[in-house]
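Report on the following structure.
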Amino acid sequence: MKNKQLRRMIVAAGAVALCAGVPRVSAQTVDALLDKLVDKGILSVTEANDLKADSDKGFNAAYSVKSGMPEWVMGLKFNGDMRGRYEGFFFENENPVDRQRFRYRARFGVTAVIKDNFEVGLRLSSSESGGGGTFGGDPVSGNTTFQDNGSKKFIFIDLAYGKWMAVNSPDLQATFTIGKMENPFVFSDMVFDGDYTPEGFAAQLAYTLNDKHALKLNAGAFVLDEISGSNNDPYFAGAQVRFDSTWSKKVATSFGVAALLIDNQEALNATRGSTVTASGTNSTTTWTVPNQNGGNLRSPVSGTSGSVGNLVNHYNPFVADAAVTYTLEKFPMYSGPFPIRLAGDYMYNTAASHQNVGWSAGVMFGKSGKKGLWDVSYRYKYLEGDAWFEEFVDSDFGSFYQSGSLRTAGGSGYVAGTNIRGHILKLSYSPYDALTLSGTAFFTHAIQENPVASESGTTRLQIDASLKF
Numbered sequence: 155m156k157n158k159q160l161r162r163m164i165v166a167a168g169a170v171a172l173c174a175g176v177p178r179v180s181a182q183t184v185d186a187l188l189d190k191l192v193d194k195g196i197l198s199v200t201e202a203n204d205l206k207a208d209s210d211k212g213f214n215a216a217y218s219v220k221s222g223m224p225e226w227v228m229g230l231k232f233n234g235d236m237r238g239r240y241e242g243f244f245f246e247n248e249n250p251v252d253r254q255r256f257r258y259r260a261r262f263g264v265t266a267v268i269k270d271n272f273e274v275g276l277r278l279s280s281s282e283s284g285g286g287g288t289f290g291g292d293p294v295s296g297n298t299t300f301q302d303n304g305s306k307k308f309i310f311i312d313l314a315y316g317k318w319m320a321v322n323s324p325d326l327q328a329t330f331t332i333g334k335m336e337n338p339f340v341f342s343d344m345v346f347d348g349d350y351t352p353e354g355f356a357a358q359l360a361y362t363l364n365d366k367h368a369l370k371l372n373a374g375a376f377v378l379d380e381i382s383g384s385n386n387d388p389y390f391a392g393a394q395v396r397f398d399s400t401w402s403k404k405v406a407t408s409f410g411v412a413a414l415l416i417d418n419q420e421a422l423n424a425t426r427g428s429t430v431t432a433s434g435t436n437s438t439t440t441w442t443v444p445n446q447n448g449g450n451l452r453s454p455v456s457g458t459s460g461s462v463g464n465l466v467n468h469y470n471p472f473v474a475d476a477a478v479t480y481t482l483e484k485f486p487m488y489s490g491p492f493p494i495r496l497a498g499d500y501m502y503n504t505a506a507s508h509q510n511v512g513w514s515a516g517v518m519f520g521k522s523g524k525k526g527l528w529d530v531s532y533r534y535k536y537l538e539g540d541a542w543f544e545e546f547v548d549s550d551f552g553s554f555y556q557s558g559s560l561r562t563a564g565g566s567g568y569v570a571g572t573n574i575r576g577h578i579l580k581l582s583y584s585p586y587d588a589l590t591l592s593g594t595a596f597f598t599h600a601i602q603e604n605p606v607a608s609e610s611g612t613t614r615l616q617i618d619a620s621l622k623f
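In my numbering, the protein residues as written are 155 to 623.
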């Protein structure tokens with residue numbers, strides 16, 4: 155018996171060594187070979203795992219030599235996506251002209267996996283310059299418009315972070331991140347635009363109660379701006395508790411509650427100055443952070459200098475969300491299990507007395523992203539003007555303002571942000587794993603129109619083709 159076992163190990167080890175000596179054979183190839191040997195009864199699972207461990211050590215050493223990376227770097231992962239978009243704006247009001255444009259969003263990222271459960275990530279993204287001052291790219295959009303006679307376009311740093319998974323056991327995980335990162339909170343775009351990447355510190359804890367239930371905590375503190383002449387920099391902080399459950403193969407639920415806070419918001423106000431030109435003196439408004447959205451109530455703009463458009467309310471909302479997914483075994487024209495997801499969220503800003511509520515509810519059938527799969531969804535969203543800070547929320551959800559308003563810092567035209575209600579319809583199909591085609595239609599109105607009853611209705615249509623790798 156011992157001789158037989160020894161022969162089996164020698165055969166397997168020889169096969170592994172042969173693979174290791176062949177150029178461009180990866181650790182995954184060796185693993186696949188060992189799995190085949192287990193299937194054929196040549197190796198036991200324990201023996202295969204021992205050989206995999208030995209193979210990994212050799213592969214990592216060879217990778218370090220070939221790549222020139224330090225030995226503590228376990229590997230590099232590259233990822234990215236490219237999205238092309240047609241976009242049209244069609245207005246109920248007769249004053250504005252309907253608009254059509256073409257845009258793209260391109261992102262490329264690299265992640266370094268380091269020994270002792272560390273990770274460093276960097277991602278570059280297209281975008282356009284943030285509005286209202288001298289800033290980097292738009293914080294809530296990576297889109298760039300086709301324009302300006304083929305001029306060269308901008309690339310910005312979208313992610314730059316360090317992460318440490320301090321605890322990584324089957325039942326408990328604890329992860330800490332610092333830098334410019336993916337949003338650690340799990341919210342819909344009613345609370346944060348999907349392109350928003352905050353800058354600061356985050357902690358994420360997950361505890362698996364059993365094979366059906368998991369309890370999670372997400373918390374973080376993030377800088378909104380650095381004011382060189384003040385020690386009262388604006389920042390936001392939050393904490394979120396989630397309870398995720400898989401009750402059976404067909405039923406799953408998710409619940410979350412969160413508290414958010416913006417502190418020193420006075421530092422987010424704009425200042426007004428003046429510039430002298432040959433034709434006279436012109437007033438100018440400079441924002442401390444990019445002014446991309448609208449909807450928050452601001453004080454009247456007056457005078458030629460000093461603070462203008464100050465935020466009237468503070469923003470300390472509570473947010474609750476819930477979702478239930480029921481998965482059918484099959485569905486016509488859909489390959490594989492078919493998920494049906496009902497979801498909704500509610501937000502209440504305790505620091506404002508009026509126009510301080512937001513909520514959304516919707517349903518999604520199917521899930522695209524894999525070859526041959528599709529989804530169709532409907533959602534209604536109602537977001538009052540002072541439910542949350544306008545510069546965080548979805549930059550695609552807006553409506554038309556006929557005249558300047560205290561909720562648009564005096565601006566008119568199409569404005570996204572808060573103070574919007576409307577319907578969202580979306581259809582997506584993935585003809586290949588890497589390619590997803592989608593169409594989205596927004597049918598929106600301003601909650602508080604300016605002037606009242608001024609036909610703010612807007613239809614925004616987006617047709618996308620997205621490639622990922």
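Even glycine gets a Cβ: it sits at the ideal position worked out from N, Cα and C.
Residue environment analysis places R533 among the buried positions, since at least 16 neighbouring C-beta atoms fall within 10 angstroms of its C-beta.
Apart from the 5 residues on each side of it in sequence, Y361 sits with its Cβ closer than 6 Å to the Cβ of L326 and L369 in its chain, given in chain order.
Contact annotation, R259 with S280: C-beta distance approximately 6 Å; criterion of less than 8 Å satisfied.
For N423 and W441, the gap between their C-alpha atoms comes out near 7 Å. Looking at the backbone, the Cα of G263 and that of L276 are separated by about 6 Å.
Nearest neighbour of N386 by Cα position, chosen from F397, N418 and L378, turns out to be N418.
Uninterrupted beta strand (DSSP E) stretches at least 3 residues long and entirely within the region 442-489 occur at 460-462 and 471-482, given in chain order. Annotated as proximal: L465 and L451, with beta-carbon spacing under 9 Å. Taking C-alpha positions only, F346 is separated from A541 by approximately 12 Å.
Residue state for D417 is assigned as strand, using DSSP reduced to three classes. When the Cα atoms are used, F310 and F289 turn out to be separated by approximately 11 Å.
Residue burial is scored here from C-beta neighbours: L363 has fewer than 16 other C-beta atoms within 10 angstroms and is therefore classed as exposed. The straight-line gap separating the alpha-carbon atoms of K521 and D529 is approximately 5 Å. Within the region 244-313, the runs of beta strand (DSSP E) at least 3 residues long that lie entirely inside it are, in chain order, 253-268 and 272-280. Its Cα nearest to that of Y583, the residue L621 stands out among T400, G558 and L621. Each of R396, F397 and F330 was checked against the Cα of G316, and the nearest Cα belongs to F330. Listed in chain order, the non-local C-beta contacts of V377 below 7 Å within the same chain comprise E353, G354, D387 and Y389, local neighbours out to five positions each way being set aside. In this structure N470 is in contact with N503, their Cβ atoms being roughly 7 Å apart against a cut-off of 8 Å. DSSP lists K334 as the beta-bridge partner residues of E353. One Cα belongs to S342, the other to K194, and the distance between them is close to 48 Å.
One thing to note: F256 has its Cβ within 9 Å of the Cβ of T299. By the C-beta density criterion, L589 is exposed, having fewer than 16 other C-beta atoms within 10 angstroms. Relative to the Cα of F543, the nearest Cα in the group V267, S382 and G449 belongs to G449. In this structure, the straight-line span from the alpha carbon of G304 to that of Q254 is close to 18 Å. As a beta-bridge residue in DSSP terms, A570 pairs with G552. Here N247 really is in contact with Q556; their C-beta atoms are around 6 Å apart, less than 8 Å.
Within the region 492-565, the complete beta strand (DSSP E) segments at least 3 residues long are 492-503, 511-520, 528-537 and 552-555, listed from N- to C-terminus. In the three-state reduction of the DSSP assignment, D204 falls in the helix class, which pools H, G and I.
Nearest to G229 by alpha-carbon distance, out of F597, F245, T265 and S553, is T265.
Pairing T598 with R575 gives a Cβ-Cβ distance under 9 Å.
Under the 10 Å beta carbon count, T612 is surrounded by 16 or more other beta carbons and is classified as buried. Note: D235 is bridge-paired with R261 and K622 in the DSSP secondary-structure output. Distance from the Cα of V478 is smallest, within the candidate group P324, A506, T400 and P585, for T400.
By the neighbour-count definition (other C-beta atoms within 10 Å, threshold 16), S610 is a buried residue. Judged by DSSP in its simplified three-state form, D398 adopts strand. Between the alpha carbons of H508 and N467 lies a gap of roughly 9 Å.
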